[in-house]
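To keep things clear, I will list the structure first and then write my remarks on it.
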DNA sequence: GGCCGGAATGTAAACGGTTACATCGAGAGT
DNA sequence: ACTCTCGATGTAACCGTTTACATTCCGGCC
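Protein chains in written order, with my numbering: chain V, 1 to 362; chain A, 363 to 724.
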């Protein structure tokens with residue numbers, strides 16, 4: 001049977017209304033409808049009004065995929081994070097989301113990557129789906145991956161040592177230094193440090209700044225004052241316990257992020273110690289709850305939403321500029337925010353916990 | 363001049379490699395390449411291997427938009443939240459992300475909507491870009507909006523009274539009741555409650571359960587025991603201050619979410635009171651930091667990641683089922699987790715703070 | 001009156017896949 | 001030898017936009 005005898009035109013599904021329907025109904029061509037909708041070219045006021053009216057009455061919604069295919073841009077950017085955990089990332093996403101929405105962009109998010117292969121798979125899967133991406137790679141080496149996989153795509157690195165790529169970093173050094181100076185002014189000389197993940201660029205920089213500052217302020221330098229951590233509350237808690245066991249005991253603890261400071265605080269308080277009386281504890285980031293801890297946490301404020309916003313701006317520019325874009329590098333400043341988790345060193349006091357400190361009653 | 367004399371074929375940009383390039387290079391047709399790539403139909407082993415090889419060597423990556431246009435599905439779901447703030451949402455997103463990725467789906471996120479018009483705009487903008495969406499509407503009325511705007515689209519409501527739509531809710535009633543019983547068993551009879559946003563369904567349900575439980579356990583019922591809040595730490599802090607000013611003073615405070623409990627804790631501690639000695643404080647949600655507060659917070663655990671996971675499963679099913687799908691309603695169970703923020707009522711003790719309680723030293 | 005310019009609009013070729021249907025070949029059945 | 005069947009593959013229509021180029025229409029000017 002010749003194909004000419006086939007059923008007229010079978011749609012696979014009751015398809016939505018298209019630009020053709022609008023055009024037909026409004027008595028114009030699809031080109032005109034498109035022009036009206038995109039305000040791209042001159043269209044008679046009268047025609048325009050009418051098309052708009054028909055479109056509305058038909059509940060016409062342009063097919064995004066078709067448009068994306070046609071203009072080769074999908075107005076979506078990808079965000080790839082090591083983990084969506086925690087307030088830090090939420091804030092960054094929030095900053096990006098706000099900026100992106102204002103520019104008519106959407107965000108495709110992917111977090112929680114245990115290993116680097118998984119992250120790589122995500123990078124790959126996002127390709128073609130986004131116009132560019134913001135990636136925070138825990139693993140510095142992703143810069144290399146990028147070369148191979150996402151080659152021509154606009155990309156903004158977050159907190160990774162940028163080499164010829166757009167990047168936004170935090171002024172970790174300045175922040176950590178300011179904090180150390182603050183501690184020194186209070187009289188602390190035995191300052192413990194809780195480290196972050198080894199491959200994390202921010203963590204490494206904060207550690208370096210801590211070490212350098214120790215020398216500057218003439219405080220005690222010792223590998224035994226450095227405790228392992230991975231930016232989680234849990235690791236901070238563990239570090240807190242270790243710090244209590246150290247001798248001689250530090251008088252202050254600098255956790256390289258707030259989440260770990262929370263853990264340290266918790267460990268100290270569960271062991272019956274009081275902050276800031278027995279220990280001074282400080283963090284880094286100034287996550288929203290920092291101000292509500294007991295005691296309110298002295299920390300280094302990083303404007304995370306601003307970080308996100310700037311990342312988007314940079315990416316946006318890069319997307320628009322195409323190959324003409326020259327990689328830029330921006331640094332987000334930090335500020336010391338002093339709350340109540342620090343005091344003078346308690347050297348003169350006994351180092352044992354208040355004996356009768358009430359714990360849970362039941 | 364007839365169009366046949368136009369330049370051969372001008373590409374607007376140095377376009378990426380397409381399926382045609384692969385087909386040509388492998389000496390087969392595009393159909394075959396497509397079949398190989400999608401494992402959809404029988405292809406000779408030999409042919410398949412070869413196509414795959416060519417594809418790899420050419421670094422071929424299918425154009426997502428084209429595929430989406432063709433198969434009318436983009437393997438992306440949207441998540442619309444009132445605000446990406448806070449650990450609660452991060453956890454939910456995380457749960458969805460994990461489940462979605464496993465099913466080969468991507469997630470388009472949008473949070474931080476101050477007003478409902480903004481949210482509406484987002485709903486609209488996502489349309490056509492996603493195969494379905496998970497929305498957590500602070501405003502119950504969005505169900506109505508849905509009717510008008512997102513009509514035919516699969517949709518899973520989070521924490522909204524579902525009427526004929528897929529929905530996932532939390533067992534707020536059971537959780538709140540268990541908590542009240544726990545408080546009652548400790549001997550509390552004056553239990554304050556910190557409310558959430560008025561239009562928030564979870565908040566409303568928790569409040570209702572609190573009220574009902576009061577009657578059940580024979581505790582004091584009074585409008586003066588209910589304090590306003592909006593689920594933020596800040597509002598919890600304010601409520602905490604108000605609670606201190608109330609007479610007679612409550613012996614326990616039930617914050618309808620953990621973020622507010624954090625605020626309450628902070629207010630009490632800044633005013634020199636101790637928990638659980640002077641007050642018992644409990645929350646709802648069991649956000650990650652709850653366990654690290656001082657004292658560790660007794661709260662109602664909600665498995666947020668599971669909530670997200672289930673939301674995705676439901677949506678996925680709905681997307682697959684098309685119109686044949688019958689709306690379902692799932693309820694996430696809650697469990698009481700007892701930590702150290704509760705004790706017996708301190709009625710017998712003085713109600714004034716420890717006078718000499720050390721506050722910030724400098 | 002013919003020509004020119006430009007505004008408004010129409011026509012149809014992309015964009016890069018998927019897939020229904022046609023085609024081709026080879027072995028099986030008779 | 002001739003059809004039949006069926007597996008493997010090719011052809012081309014189609015998804016819904018955008019947009020380059022063509023066309024039409026009109027007023028003004030020489």
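Every residue gets a Cβ at the ideal spot worked out from N, C-alpha and C, and that includes glycine.
Secondary structure note for residue 90 (chain V): its alpha helix (DSSP H) is the uninterrupted segment 86-102.
With respect to chain V, the C-beta atom of residue 473 (chain A) has a partner C-beta closer than 8 Å. Ranking V:183, V:338, V:224, V:53 by CA distance to the CA of residue 345 (chain V) puts V:183 first. Residue-level contact check: residue 63 (chain V) touches chain A, since one or more beta carbons of chain A fall below 8 Å from its beta carbon. Boundaries of the alpha helix (DSSP H) around residue 32 (chain V): 30-38. The beta-carbon distance between residue 485 (chain A) and residue 518 (chain A), rounded to whole angstroms, is 14 Å. This is too long to meet the 8 Å contact definition. Residues of chain A whose Cβ lies closer than 8 Å to the Cβ of residue 106 (chain V) are, in chain order, 470, 472, 487, 488, 491. Going by C-alpha positions, residue 538 (chain A) is about 18 Å away from residue 702 (chain A). Assigned with DSSP and collapsed to three states, residue 489 (chain A) falls in strand. Comparing alpha-carbon positions, the option among V:199, V:47, V:225, V:230 lying closest to residue 242 (chain V) turns out to be V:225. For residue 237 (chain V), the chain A residues whose C-beta falls within less than 7 Å of its own C-beta are 654, listed in chain order.
Contact annotation for residue 66 (chain V) against chain A: 431 [CB-CB distance below 7 Å, chain order]. Proximity of residue 257 (chain V) to chain A, defined by a Cβ-Cβ separation below 8 Å, is not satisfied. Assignment of beta-bridge partners to residue 78 (chain V) by DSSP yields V:108, V:133.
For residue 583 (chain A), the closest of A:551, A:595, A:564 by C-alpha to C-alpha distance is A:551.
Residue 135 (chain V) is outside the set of residues whose beta carbon lies under 8 Å from a beta carbon in chain A.
With a threshold of 8 Å between beta carbons, residue 648 (chain A) makes no contact with chain V. Taking C-beta atoms under 8 Å as the contact rule, residue 649 (chain A) and residue 669 (chain A) fail to qualify, at a distance of about 13 Å. The C-beta distance from residue 158 (chain V) to residue 135 (chain V) rounds to 7 Å, short enough to meet the 8 Å contact threshold. Here residue 208 (chain V) is exposed: its Cβ has fewer than 16 other Cβ atoms, across all protein chains shown, within 10 Å. Contact with chain V is absent for residue 400 (chain A), since none of that chain's Cβ atoms lies less than 8 Å from the residue's Cβ.
The beta strand (DSSP E) runs of length 3 or more contained entirely in the region 543-615 of chain A are, from start to end of the chain, 553-556. Legend: CB atoms of the region 217-246 of chain V lying less than 7 Å from CB atoms of chain A belong to residues 233, 237.
Between residue 590 (chain A) and residue 601 (chain A), the gap from beta carbon to beta carbon is short of 8 Å. DSSP lists no beta-bridge partner residue for residue 413 (chain A).
Taking residue 197 (chain V) as the centre and dropping the five residues before and after it, the same chain places the C-beta of 138, 203, 230, 231 closer than 7 Å to its C-beta, in chain order. The shortest CA-to-CA distance from residue 115 (chain V) to any of V:82, V:126, V:104 is the one to V:82. Contact check between the region 674-693 of chain A and the region 648-662 of chain A: fewer than three CB pairs, one atom from each, fall below 8 Å, which does not count as touching.
For residue 271 (chain V), the nearest beta carbon of chain A is not closer than 8 Å to its own beta carbon.
Residue 623 (chain A) places its beta carbon 8 Å or farther from that of residue 641 (chain A). For a Cβ distance threshold of 7 Å, residue set 595, 624, 651 of chain A lies close to residue 289 (chain V), ordered along the chain. In the three-state DSSP reduction, residue 633 (chain A) falls in the coil class, being neither helix nor strand.
Under the 8 Å Cβ criterion, the region 54-68 of chain V counts as touching the region 15-28 of chain V, having at least three qualifying pairs. Beta-bridge analysis with DSSP links residue 529 (chain A) to A:519, A:691. Residue 169 (chain V) is classed as buried because its beta carbon has at least 16 other beta carbons within 10 Å across all chains shown.
The shortest C-alpha to C-alpha distance from residue 563 (chain A) to any of A:515, A:426, A:577, A:534 is the one to A:534.
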